[in-house]
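Q:
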Amino acid sequence: MSETDQPLWEPPPHPEWLSTMNREGSYLNLPAVVPLDEASLLSQVCRTTGLDDFGDDGWREPFAVLVKALEEEAQLTLMGRLMARNDIILWLSTRLRVTDTLKRHPEILEEEIVAPMFIVGLPRSGTSILFELLAQDPDVGVPLMWEALQPCPPPETASYHSDPRIQVADRLFTQWGRVAPEFNSMHEMRGDIPAECGLLIAATFISDHNASLHQTPSYSAWCAQADFLPVYEYHRTILKILQWKNPRKRWLLKAPEHQVHLDTLLQVYPDARIVQTHRDPIKCMASTTSLMGTLYYMRSDQAFNAEMFENIIMGEATANRLEHVIEQREQGVVPAANIADSRYQDLMDDP
Numbered sequence: 008m009s010e011t012d013q014p015l016w017e018p019p020p021h022p023e024w025l026s027t028m029n030r031e032g033s034y035l036n037l038p039a040v041v042p043l044d045e046a047s048l049l050s051q052v053c054r055t056t057g058l059d060d061f062g063d064d065g066w067r068e069p070f071a072v073l074v075k076a077l078e079e080e081a082q083l084t085l086m087g088r089l090m091a092r093n094d095i096i097l098w099l100s101t102r103l104r105v106t107d108t109l110k111r112h113p114e115i116l117e118e119e120i121v122a123p124m125f126i127v128g129l130p131r132s133g134t135s136i137l138f139e140l141l142a143q144d145p146d147v148g149v150p151l152m153w154e155a156l157q158p159c160p161p162p163e164t165a166s167y168h169s170d171p172r173i174q175v176a177d178r179l180f181t182q183w184g185r186v187a188p189e190f191n192s193m194h195e196m197r198g199d200i201p202a203e204c205g206l207l208i209a210a211t212f213i214s215d216h217n218a219s220l221h222q223t224p225s226y227s228a229w230c231a232q233a234d235f236l237p238v239y240e241y242h243r244t245i246l247k248i249l250q251w252k253n254p255r256k257r258w259l260l261k262a263p264e265h266q267v268h269l270d271t272l273l274q275v276y277p278d279a280r281i282v283q284t285h286r287d288p289i290k291c292m293a294s295t296t297s298l299m300g301t302l303y304y305m306r307s308d309q310a311f312n313a314e315m316f317e318n319i320i321m322g323e324a325t326a327n328r329l330e331h332v333i334e335q336r337e338q339g340v341v342p343a344a345n346i347a348d349s350r351y352q353d354l355m356d357d358p
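Residue numbers for the sequence shown follow the numbering used here, so the first one is 8 and each next one is one higher.
1) Specify whether the stretch 232 to 246 and the stretch 166 to 179 touch according to this definition: at least 3 beta carbon pairs, one from each stretch, less than 8 angstroms apart.
2) How should Tyr304 be labelled, buried or exposed, when 16 other C-beta atoms within 10 angstroms of its C-beta is the threshold for buried?
3) For the candidate residues Gln352, Val267, Ser219, whose alpha-carbon lies nearest to that of Ile126?
4) With DSSP run on the structure shown, which of helix, strand or coil describes Leu7?
5) Quick one: any contact between the stretch 52 to 63 and the stretch 276 to 296, if contact means 3 or more CB pairs under 8 angstroms?
6) Specify whether the stretch 45 to 53 and the stretch 335 to 352 touch according to this definition: at least 3 beta carbon pairs, one from each stretch, less than 8 angstroms apart.
7) Measure from the alpha carbon of Asp59 to the alpha carbon of each residue in Ile120, Gln283, Leu99, Leu77, then state which is nearest.
8) My understanding is that Cys204 touches Lys261, with C-beta atoms under 8 angstroms, so please give their C-beta distance in whole angstroms.
9) Measuring straight from C-alpha to C-alpha, what distance separates Leu329 and Ile136?
10) Span of the alpha helix (DSSP H) holding Ile120?
11) Please list the terminal residues of the continuous beta strand (DSSP E) segment that includes Gln283.
12) With DSSP run on the structure shown, which of helix, strand or coil describes Ile333?
13) Would you decide whether Ile120 is buried or exposed? Buried here means 16 or more other CB atoms lie within 10 Å of its CB.
14) Quick one: complete alpha helix (DSSP H) runs, 4+ long, within the stretch 197 to 237?
15) Please report the straight-line C-alpha distance between Glu80 and Pro254, rounded to a whole angstrom.
16) On the DSSP bridge list, what partners appear for Ser349?
17) Please check the pair Asp94 and Leu220, which I expect to be a contact at CB under 8 angstroms, by giving their CB distance rounded to whole angstroms.
18) Would Gly128 pass as a contact of Thr284 if the rule is Cβ separation under 7 angstroms?
19) Under the three-state reduction of DSSP, which class applies to Val41: helix, strand or coil?
20) My guess is that Val41 and Arg88 are in contact by the Cβ rule of under 8 angstroms, so how many angstroms apart are they, rounded?
21) Provide the residue span of the beta strand (DSSP E) that contains Lys110, from first to last.
22) If you check the beta carbons only, do Met152 and Ala202 fall under 7 angstroms apart?
23) Label Ser26 either buried or exposed according to how many other C-beta atoms from any shown protein chain fall within 10 Å of its C-beta, with 16 as the threshold for buried.
24) By how many angstroms is the C-alpha of Thr325 removed from the C-alpha of Arg350?
25) Among Asn327, Arg104, Ser227, Gln338, whose alpha-carbon lies nearest the alpha-carbon of Thr55?
26) If I'm right that Ala78 touches Leu43 with Cβ under 8 angstroms, what's the distance once you round it to whole angstroms?
27) Bridge partners for Ser307 per DSSP, in chain order?
28) In whole angstroms, what is the alpha-carbon distance linking Pro224 and Ala76?
29) Nearest to Gly32 by CA position, among Phe70, Glu17, Leu83, is which residue?
30) For the beta strand (DSSP E) that contains Leu260, what are its first and last residues?
31) Measuring CA to CA, which of Leu354, Val186, Pro358 is closest to Leu85?
So, in structure tokens, the structure goes:
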């Protein structure tokens, strides 16, 4: 095999039970068995929640782009369709419940988010390690996985560590580990650990989190040109909901995608403090390839779509992200007093 014929990423075999399930599913009319069309998804979520007000309409176009891309590009298996439908219904339910909660308790919007700290950097550059390390500080608050997945009803201090939504999140992530056992060693996922901001904004349908789960280049391209101001405004609303009945002293937040939207982030959080992580980009790309490949392969038998590989992981895309941050820092878009740096090797040597 020549170098050019080498696979972009070689996945381990699916578990036998999953291969059997997906093989049998391939004989079915999957769009009919597990529909991913707009009408079916919206009908079910309204019926299940008893609600029908999704709030502003800014989510509708990216939602339509995503479900179209899932059908036309993602090459989903039976398990992939089930997982995608479950995710989308969860995000739509969140929109409905957030809107309903704010209607009944408009005072939530009076909550103040003061000087939040954001950890940003390339994927696999140490953001998660730094996030969980700083989260040990009793003077900061982090969103936990369970409340990021289901922020409504608003969490309460008395039941914060016993809320039944913790077990719901645990079951979801246990299922991820059954589908791809190797994922457990790549990225810890439990209901009671800190969550990335991608989950907080998933219900806007404009997020790298959504794109990271499926090979949908048209959706990724749409998000790349989207206005993220409404996304960060929604992000702030979710934080207000989370702290309303369970106050946090100061928010500590994290997502790699923040680093390409620092100007917009600072429009919504002008007093934000930012920590940028730094690691050899080659090592970041190698680790990201493995992580992204595993996430895609959970839901598809197509190990890696070349277009997704080139646009998201390869050197040019990574260089563009880094250059964008450098420009924003040099131009003063990100005030020097508001940002600090963390080198991966320093963090590993002396946490």
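Quick reminder that beta carbons are idealized off the backbone N, C-alpha and C, glycines included.
A: Taking the structure as given:
1) no
2) buried
3) Val267
4) Any question about residue 7 goes unanswered here, given that the chain covers just 8 to 358.
5) no
6) no
7) Leu99
8) 7 angstroms
9) 20 angstroms
10) Here Ile120 belongs to no alpha helix (DSSP H), and DSSP marks it neither H nor E.
11) 280 to 285
12) helix
13) buried
14) 204 to 207, 215 to 218, 224 to 231
15) 43 angstroms
16) Thr284
17) 7 angstroms
18) yes
19) coil
20) 4 angstroms
21) Element bounds for Lys110: not the beta strand (DSSP E) but the alpha helix (DSSP H), 85 to 111.
22) yes
23) exposed
24) 17 angstroms
25) Arg104
26) The displayed chain sequence assigns Glu, not Ala, to residue 78. 6 angstroms between Cβ atoms; contact.
27) Leu83
28) 8 angstroms
29) Leu83
30) 259 to 261
31) Val186
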